[in-house]
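Numbering (this note's numbering), first residue to last: 498 to 844.
Heads up, the thing below is written out as structure tokens.
Below is the structure:
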């Protein structure tokens, strides 16, 4: 088999043996060994040649001419054998190189596969770790949002409750204002009625008693009270109404101070109104003292208090607005009542 890189050799005129071996693309240890062997053979041939030169006269020209072709053929035969050996070595080297390349490729592929597997495993672990961290973070965020939502809901409920409370208070104030307006309307009606009644002389004396009797008839059965009742046996004093409360009776006496009330409604002078209020307070204080002395008789079955009935809400308001007067009446155990307050008490 011929090699792409032939090997040739020849003897020079000086007796030097030259061997032409081209550079191999890929040197291997075996090729280096062959080259060393060739070098040794060349040296041996050279030494043999020199030895022949030192034998003058011993060899004739015929022997010398016959030895040169023999040496040439030996050299060519050696060269041919070397070429075949190099070709075999080249083929073996190529096979070994291919095998080595294949093994290297396989090792590289195995290393790449192992690295790829390790990388995939590392990525999987990293992904799993990141997923766990994301899940933990998501749970924390969810819990935080839920807590914030609960706090907001609680605060909103508290604000709504507080708002409802304020709204209820506003409603209560509005209802109270409405009641006040109704009462003011009633006061206005009472003033109008009072002015009309004050113009009727024959009704002035019995107005208070008549109003009290009509009110009691609307709220109490007839047997539960007595009109013009005698409190102390043998006495000529009669209370307008005695309400029976079990074993005791509650004295109620009606008063209508015409002379003291008129200036309060007819005069526009503030000074005159203040004088009229003072006169009204003196009259009420005097009447309360008289009621306490005449009708509060616990030893004769009465309660330890009595009521002074004022048939007008306006008149009642003028009495209770005077704190000193109301305090003096309370000390006497005599308390003022109007048609509305007495009706609420009877209910």
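Every residue gets a Cβ at the ideal spot worked out from N, C-alpha and C, and that includes glycine.
Contact check, residue i vs residue j under 8 Å by CB: the rounded distance?
| i | j | result |
| --- | --- | --- |
| residue 744 | residue 820 | Going by Cβ atoms, the distance from residue 744 to residue 820 rounds to 35 Å, so no, they are not a contact pair. |
| residue 791 | residue 706 | With a Cβ gap of about 16 Å, residue 791 and residue 706 do not count as contacting. |
| residue 815 | residue 742 | Actually they are not in contact, since the Cβ atoms of residue 815 and residue 742 sit about 29 Å apart, beyond 8 Å. |
Considering only their Cβ atoms, is the gap separating residue j from residue i smaller than 8 Å?
| i | j | result |
| --- | --- | --- |
| residue 713 | residue 738 | yes |
| residue 740 | residue 728 | no |
| residue 831 | residue 803 | yes |
| residue 716 | residue 807 | no |
| residue 531 | residue 573 | no |
| residue 529 | residue 579 | no |
With 16 as the cutoff for other CB atoms within 10 Å, does residue i come out buried or exposed?
| i | result |
| --- | --- |
| residue 666 | exposed |
| residue 587 | buried |
| residue 651 | exposed |
| residue 810 | buried |
| residue 841 | exposed |
| residue 699 | Interpretation of residue 699 is limited by its pLDDT of 45, a score under 50 that renders its predicted location unreliable; no figure is taken from the coordinates. |
| residue 795 | exposed |
| residue 605 | exposed |
| residue 537 | exposed |
| residue 645 | exposed |
| residue 836 | buried |
| residue 703 | exposed |
| residue 639 | exposed |
| residue 676 | exposed |
| residue 788 | buried |
| residue 590 | buried |
Leaving out five residues on either side along the sequence, give the residues of the same chain with a beta carbon under 7 Å from the beta carbon of residue i.
| i | result |
| --- | --- |
| residue 817 | 823, 833 |
| residue 510 | Low confidence applies to residue 510: its pLDDT is 43, below 50, so where it sits in the model is not reliable, and the reading given next is rough at best. Closer than 7 Å at Cβ, skipping near neighbours: no residue. |
| residue 720 | none |
| residue 631 | none |
| residue 499 | Unreliable positioning characterises residue 499 in this predicted model, as indicated by a pLDDT of 42, which lies under 50. The coordinate reading is nonetheless provided below. So no residue of the chain qualifies. |
| residue 595 | none |
Leaving out the 5 sequence neighbours to the left and right, which residues in its chain are closer than 8 Å to residue i when beta-carbon positions are compared?
| i | result |
| --- | --- |
| residue 782 | 822, 825, 826 |
| residue 785 | 805, 825, 826, 829, 831 |
| residue 838 | 813 |
| residue 774 | 761, 815, 819 |
| residue 722 | 713, 738, 739, 740, 741 |
| residue 625 | none |
| residue 730 | 797 |
Residues in the same chain with beta-carbon distance under 6 Å from residue i, minus the five sequence neighbours each way, listed in chain order, please.
| i | result |
| --- | --- |
| residue 800 | 745, 747 |
| residue 751 | 705, 706, 709, 737, 806 |
| residue 726 | 736, 739 |
- Ignoring anything shorter than 4 residues or poking outside the region 754 to 815, list the alpha helix (DSSP H) runs there in chain order. Note on the region 754 to 815: whole alpha helix (DSSP H) runs with a minimum of 4 residues are 755 to 763, 767 to 792, in chain order.
- Item | Whole runs of the alpha helix (DSSP H) within the region 695 to 738, excluding any shorter than 4 residues | Counting only runs of 4 or more residues that sit fully inside the region 695 to 738, the alpha helix (DSSP H) segments are 698 to 701, 704 to 716, in chain order.
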